[in-house]
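Below you'll find the structure, written out as structure tokens, and then a few comments.
In structure tokens:
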């Protein structure tokens, strides 16, 4: 009986340590960026020793994936399925961008640091899922426009650009637009391509 209690207490401690490590990692990713969040800094913030972090997360990819899942639970990305219910394609695009751009703003530290992790072994599934989500968002936003076939490729490229984090960052951080003005500008760009010539 005492042994079973000790095992349960140990398992609870391990679960608590893992949770604290993931929360500390997320906090550091959101404030200083993933590439600057060292194992030592994570351990310090989580209140554990560095070997404890490495025991729970033996490599960067497992920690990064756990942190990403935690972040998506706390602040899920906008849902393209909800956009599908908006019949008018222009209104659908404005709505989508007015949801995406504040999401990018809240997560800009992490997203700005992403290029530092392209090619890191073990993260291929994360990048593939992000690519599939982006393609789905683009396809949802491209449906319903009355546009000649010879302009379809330009329309898809314009929508892909409009939903891109780096386009948002350029418009808001470099050009000084707020999220709503940036969303309206990108919508006007897409409408301009859709409009007969």
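In my numbering, the protein residues as written are 10 to 206. For each residue, glycine too, the CB sits at the ideal point set by N, CA and C. Keep in mind the model is a prediction, meaning the values are calculated, not measured.
Contact annotation, residue 171 with residue 106: C-beta distance approximately 6 Å; criterion of less than 8 Å satisfied. Every unbroken stretch of the alpha helix (DSSP H) spanning 4 or more residues and falling wholly within the segment 14-95 is given here in chain order: 48-55, 59-65, 69-83 and 89-92. Distance check between residue 149 and each of 60, 104, 54 and 34 places 104 closest, using alpha-carbon atoms only. Exposure of residue 138 is indicated by the presence of fewer than 16 other C-beta atoms within 10 angstroms of its C-beta. A direct Cα-to-Cα measurement between residue 181 and residue 175 gives close to 10 Å.
Three or more pairs of CB atoms, one per stretch, sit closer than 8 Å, so the segment 65-84 contacts the segment 26-40. Excluding five sequence positions before and after residue 55, the CB atoms of its chain that fall closer than 6 Å to its own CB belong to 29, 30 and 33, given in chain order. DSSP places residue 189 inside the alpha helix (DSSP H), whose first and last residues are 188-203. Proximity to residue 169 across 144, 97, 158 and 189 peaks at 144, based on C-alpha coordinates.
Inter-residue distance for residue 68 and residue 156 is about 48 Å (C-alpha atoms, whole angstroms). Under the DSSP assignment, residue 181 falls outside any alpha helix (DSSP H); it carries neither an H nor an E label. Apart from sequence neighbours up to five positions away, the residues of its chain that approach residue 51 with a beta-carbon distance below 7 Å are 30, 33, 34, 37 and 62, ordered along the chain. Here residue 196 is buried. Its C-beta has 16 or more other C-beta atoms within 10 Å.
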